[in-house]
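The next block holds one structure in the form of structure tokens; read it before the comments.
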DNA sequence: GTGGTCTAGACCACC
DNA sequence: GTGGTCTAGACCACA
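Residue numbers (the numbering used here), protein chains in the order written: chain A, 2 to 121; chain B, 2 to 121; chain C, 2 to 121; chain D, 2 to 121.
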């Protein structure tokens, strides 16, 4: 894992875990790696992983069984997708539209660029 | 002006000033508000505005006449457009495409949303 | 059995066993379930039940016959009642009174709620 | 501030701040002490206070202005009271009633004890 | 000055 | 073994 500088490491770990849940690498109701295992694997301080797990637990995406470990909540994958979609629709999409308007790029250009990309 | 949490306030002010230059509210060769005026207007600490002006001066978008104030550089609007376009093509566009792929939103949906928005 | 997060599981089991003794489900001088049985029944790690039994043995509420099992001590029910009463009077009651004062709930409301509950 | 051992320090600080908000020591929309100030005052590590503030921010009881400090949210006092009341009604009250039933203490005794306490 | 993040390391309760 | 909490200290971005 390469860490961009812009985002805090613990949030990048959050994103990564969310990705693993969506793609089914971490399955619902199943255990995810222990804090220390995952910290060693990512070559990060254990406290950083604690913070990521803590964040996800607050969002009900994972839950904890005391002394046993963390588990993916039921419906976590859906929840993540819904949350991301909402965020996208509410903020990012509008910013994007404002941006292309300001830069005077037509929506047709965007479509073309998108299709070109996917042909590669 | 509402400040998002994600971006530093001084960069949000930079964006705003760039917008004013592009749309001609702040015209080339003309003076922009003093640091204190603008800070008062935006309800922001003066040092924050200093930082924004400083950033813009470094990019040659505005320049300073000592004891008089800050002025918009010649060709600033074009410069901004070019810079933004580059940034947009290199980074934002790709991020955007990745995002819609991940969220399984088709490009056609995007087009539709864009058109709906502009009808309002 | 649902385990609250606030209290350690083994203490919740202790409480449960005490309740069973008071209400006569587990009778004095009689055998209580084996560690493994009870662990399986509660869907809990066996070591956790060991810890609960250990705790109760220290308080002379149960005792062990080697190779046979755990038994409820004579006078256990009374002992539990006395211990709980003391604890209740010394700590819990005061906490409770402080709480209702802070929340501005009158003692009359409490009485009413209590009576309603028992009518159901 | 004396710290009981049972509850984590950062949660005790959370409780304390909530108390200050309810009683109006920390007023809505006003700034609360900086992390470092409060840590020094409570003779606690700054990170511990960070954790408390973080918790309260997640609950929308305080909010942060970047580089300036933390402020009490509008409606924080009400929110705290409502949250506590709910918790009390849902969990603590029932536990309390179960307890007095199990200990065979009548509700009238409770009322009397409550009145005696307040006479002192 | 403010908070935000991260590290390293410790000790504890719990399963 | 697991996570939870706390300390001490560092460096950074931001206002």
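Ideal Cβ positions, reconstructed from N, Cα and C, are used throughout, including at glycine.
Cβ-based burial, residue i [other Cβ within 10 Å; buried from 16]
i: residue 62/A; result: buried
i: residue 41/C; result: exposed
i: residue 10/B; result: buried
i: residue 121/D; result: exposed
i: residue 111/C; result: buried
i: residue 75/A; result: exposed
i: residue 14/A; result: buried
i: residue 128/C; result: What is shown of chain C runs 2 to 121, which leaves residue 128/C out entirely.
i: residue 33/A; result: buried
Closest residue to residue i among the options (Cα-Cα distance)
i: residue 90/B; options: 115/A, 6/A and 16/A; result: 115/A
i: residue 4/B; options: 65/D, 92/D, 109/D and 4/D; result: 65/D
i: residue 17/D; options: 92/D, 39/D, 31/D and 30/D; result: 39/D
i: residue 119/C; options: 113/D, 107/D and 71/D; result: 107/D
i: residue 50/B; options: 37/B, 59/B and 60/B; result: 37/B
i: residue 19/A; options: 113/A, 67/A and 72/A; result: 72/A
i: residue 86/A; options: 113/B, 35/B and 103/B; result: 103/B
i: residue 60/C; options: 77/C, 48/C and 105/C; result: 77/C
i: residue 68/A; options: 109/C, 46/C and 31/C; result: 46/C
i: residue 31/D; options: 70/D, 88/D and 117/D; result: 70/D
Chain-ordered neighbours of residue i on chain D, where CB pairs are closer than 9 Å
i: residue 104/C; result: 82, 85, 86 and 89
Reduced DSSP secondary structure (H/G/I, E/B, other) of residue i
i: residue 33/C; result: coil
i: residue 69/A; result: coil
i: residue 108/B; result: helix
i: residue 62/D; result: coil
i: residue 76/A; result: coil
i: residue 20/A; result: helix
i: residue 7/B; result: coil
i: residue 27/D; result: coil
i: residue 45/B; result: coil
i: residue 13/B; result: helix
i: residue 93/C; result: helix
i: residue 120/B; result: helix
Partner residues on chain A for residue i, Cβ-Cβ distance less than 7 Å
i: residue 114/B; result: 94
i: residue 98/B; result: 115 and 118
Contact list for residue i against chain C, beta-carbon separation under 7 Å
i: residue 108/D; result: 112 and 115
Neighbour list for residue i in chain D, Cβ cutoff strictly below 7 Å
i: residue 17/C; result: Near residue 17/C there are no residues of chain D at all, since even the closest Cβ is about 12 Å away, more than 7 Å.
Neighbouring residues, chain B, relative to residue i (Cβ below 9 Å)
i: residue 67/D; result: 4, 6, 9 and 10
Contact list for residue i against chain D, beta-carbon separation under 8 Å
i: residue 20/C; result: 103
i: residue 23/C; result: 103
Under 7 Å from the C-beta of residue i: neighbouring residues of chain B
i: residue 56/A; result: Per Cβ cutoff of 7 Å: no residues; residue 56/A is ~16 Å from chain B at best.
If contact is defined by three or more beta carbon pairs under 8 Å, each pair taking one atom from either stretch, is the region 47-66 of chain C in contact with the region 90-103 of chain C?
No, the region 90-103 of chain C is not in contact with the region 47-66 of chain C.
Pair every Cβ in the region 19-38 of chain C with every Cβ in the region 81-89 of chain C, then say whether three or more of these pairs are closer than 8 Å.
Taking a contact to require three or more Cβ pairs closer than 8 Å, the region 19-38 of chain C and the region 81-89 of chain C qualify as touching.
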